[in-house]
Structure formats: C-alpha cells, structure tokens
C-alpha cells in the first residue's frame with residue numbers, strides 16, 4: 307500500500323458541506339437513508355485524514371435547520387444514525403484525542419440524541435488533537451439573528467455601548483465563539499452555493515468545490531483538496 311501523502315501549508319480549520327448522499331443513493335438504486343449510511347464512512351475517513359495532515363479544527367455540516375422539512379422517516383433515520391455514530395465512535399474519539407463539539411440549535415434535537423451528544427461532549431472535552439465540530443440544526447442566518455438579539459439585549463440593559471460594537475463583539479455572540487474561523491471550505495457534489503453555512507465565519511476562507519458525491523469523498527479526495535489549498539496565495543484583501 308502506498309504511503310499516504312502529507313501536504314504543506316495545511317489549514318488550521320477545515321469546514322465541509324457534505325452534499326450528495328441522496329444522489330449517491332439514487333445512482334446506486336438505494337433508499338436515501340442508505341446514502342446517509344454510506345456517507346458515515348466518509349466522515350470517519352475524513353476525520354482520520356484531518357488528524358494525519360495536522361488539521362486542528364474540522365467542522366462538518368451535518369444537519370441544517372432547513373433539513374427538518376424533509377420527510378419524517380428520513381429525519382428520524384438521520385437522528386438514529388447520528389445517535390448510533392456517537393455511541394459507537396466514542397471510545398475511538400478518546401484514543402485519537404478528538405474533542406467533540408457542536409454548533410447550532412441543539413435544543414431542536416430529540417431528547418435521546420441531545421443527551422447522547424452532551425454526554426460525548428463532556429467525556430471528550432479534555433482531548434486536544436482535533437476539535438470535531440458538528441453543525442446540527444444549524445443555519446447561519448438564525449445564528450446571526452440570535453447574536454443580534456443578544457447584543458440588542460445587552461445594549462438595552464446598559465451593558466454595552468452601541469458605538470463600541472466591533473466585529474469581535476459579533477463573533478463573540480455566535481455559536482462558534484472560541485473557535486477560529488475556517489481557512490478552507492470544501493463542498494462536495496458540485497453544487498455552487500453556500501447553503502446558509504457559516505456566512506460570517508467564511509468571509510476569507512478559500513473555497514473548494516468538487517463534483518465528487520460525499521459517500522465517495524475519502525482520504526485521497528481530502529488530500530487532493532488540501533494540495534489545492536496549499537497552492538493558493540491568501541491575501542485577505544491585500545496585494
């Protein structure tokens with residue numbers, strides 16, 4: 307077996323819009339949930355690849371606020387799959403030094419899923435090799451709206467001078483406070499849109515879109531994306 311290649315100029319924080327599970331299932335004449343189950347294998351491969359390449363933060367867009375509109379059976383299947391993955395991978399997360407975190411409206415999740423999630427977050431909170439951040443019931447517009455509401459309450463209560471509101475003030479009220487902004491955004495399945503994902507945080511992120519469907523996106527595809535990132539020059543608005 308060929309030795310896995312390590313690339314230089316590795317991003318500190320990679321965020322991924324995992325898209326294409328449904329199309330993968332359709333392509334293989336399988337139920338949609340089978341596509342999500344196949345995508346679970348890609349999650350494991352990409353987490354392992356992120357550790358191998360030295361990525362410090364990995365955010366996966368796992369379930370959006372809009373996804374609650376999907377058929378009930380599919381949503382229930384996804385929630386059951388999420389709960390099973392957390393339970394089955396918990397020991398491995400401990401061995402690999404993975405800290406599990408979430409962003410989004412955790413209160414929207416079913417009680418059993420939320421309890422499983424909170425227990426895993428607590429158990430892995432001291433791990434420092436990779437922060438694995440699951441965006442669950444997440445929507446960036448909702449996140450920014452809630453941040454503005456919180457800031458507004460502080461202004462109303464006299465705790466914050468509106469003239470002193472800075473970008474850092476907004477960032478501190480987002481779900482991602484304490485987490486560095488993504489350097490690199492990957493989207494699978496070839497769709498050319500952001501889908502309400504981390505709109506504030508990806509302002510200066512490099513973007514990589516691949517036609518590969520998420521269940522087919524493994525270690526080699528992740529390494530290919532990192533190689534593309536390594537060849538870019540980030541100017542942040544400068545020359």
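Numbering (my numbering), first residue to last: 307 to 545. For every residue, glycine included, the Cβ atom is placed at its ideal position computed from N, Cα and C.
Where the beta strand (DSSP E) containing residue i begins and where it ends
| i | result |
| --- | --- |
| residue 437 | 436-444 |
| residue 405 | 404-409 |
| residue 531 | Looking at the DSSP string, residue 531 is not in any beta strand (DSSP E); the run it does join, the alpha helix (DSSP H), is 525-536. |
| residue 512 | 512-515 |
Residue of the options minimising C-alpha distance to residue i
| i | options | result |
| --- | --- | --- |
| residue 387 | 372, 358, 339, 498 | 339 |
| residue 316 | 521, 381, 532, 468 | 532 |
| residue 318 | 512, 377, 527, 523 | 512 |
| residue 498 | 488, 516, 490 | 516 |
| residue 408 | 541, 422, 523, 520 | 422 |
| residue 332 | 439, 342, 324 | 342 |
| residue 552 | 431, 510, 521, 476 | There is no way to answer for residue 552, as the model of the chain reaches only from 307 to 545. |
| residue 369 | 508, 503, 534, 458 | 503 |
| residue 372 | 401, 410, 402 | 410 |
| residue 457 | 362, 354, 405, 479 | 479 |
| residue 488 | 523, 366, 354 | 366 |
| residue 518 | 496, 440, 535 | 496 |
| residue 483 | 449, 353, 469, 426 | 449 |
| residue 397 | 425, 469, 537, 381 | 425 |
| residue 349 | 429, 454, 539, 440 | 440 |
Coarse secondary structure for residue i, derived from DSSP in three states
| i | result |
| --- | --- |
| residue 368 | strand |
| residue 388 | helix |
| residue 307 | Confidence in residue 307 is poor, its pLDDT being 44 and thus under 50, which makes the residue's placement unreliable; the coordinate value appears in the next sentence. Of the three classes helix, strand and coil, the one that applies to residue 307 here is coil, per DSSP. |
| residue 491 | strand |
| residue 335 | coil |
| residue 450 | helix |
| residue 358 | helix |
| residue 479 | coil |
| residue 485 | coil |
| residue 508 | coil |
| residue 320 | strand |
| residue 326 | coil |
Contact check, residue i vs residue j, beta carbons under 8 Å
| i | j | result |
| --- | --- | --- |
| residue 506 | residue 446 | yes |
| residue 491 | residue 321 | yes |
| residue 385 | residue 520 | no |
| residue 329 | residue 391 | no |
| residue 434 | residue 403 | yes |
| residue 418 | residue 389 | yes |
| residue 438 | residue 406 | yes |
Proximal residues to residue i (C-beta, below 8 Å), its chain only, five neighbours per side dropped
| i | result |
| --- | --- |
| residue 308 | Confidence is the limiting factor: at residue 308 the pLDDT is only 47, short of 50, which leaves the residue's position unreliable, though a coordinate-based value still follows. Closer than 8 Å at the Cβ level, and outside the excluded window around residue 308, lies no residue. |
| residue 420 | 412, 413 |
Element boundaries [alpha helix (DSSP H), containing residue i]
| i | result |
| --- | --- |
| residue 315 | Counting along the chain, residue 315 falls outside any alpha helix (DSSP H), and DSSP gives it neither H nor E. |
| residue 427 | 417-430 |
Cut-off 6 Å between Cβ atoms - residues of its own chain near residue i, not counting five sequence neighbours on either side
| i | result |
| --- | --- |
| residue 383 | 339 |
| residue 416 | 385 |
| residue 528 | 352, 355 |
| residue 461 | 468 |
| residue 525 | 351, 355 |
Neighbourhood of residue i by C-beta distance below 7 Å, restricted to the same chain and skipping five residues each side
| i | result |
| --- | --- |
| residue 493 | 323, 325, 515 |
| residue 393 | 422 |
Minimum Cβ-Cβ distance from residue i to chain B less than 8 Å
| i | result |
| --- | --- |
| residue 442 | In the displayed structure, chain B is absent; only one protein chain is listed. |
beta-carbon residue i near the ligand GTP non-hydrogen atom, thresh 7 Å
| i | result |
| --- | --- |
| residue 441 | No copy of the ligand GTP appears in this structure; indeed no ligand is present at all. |
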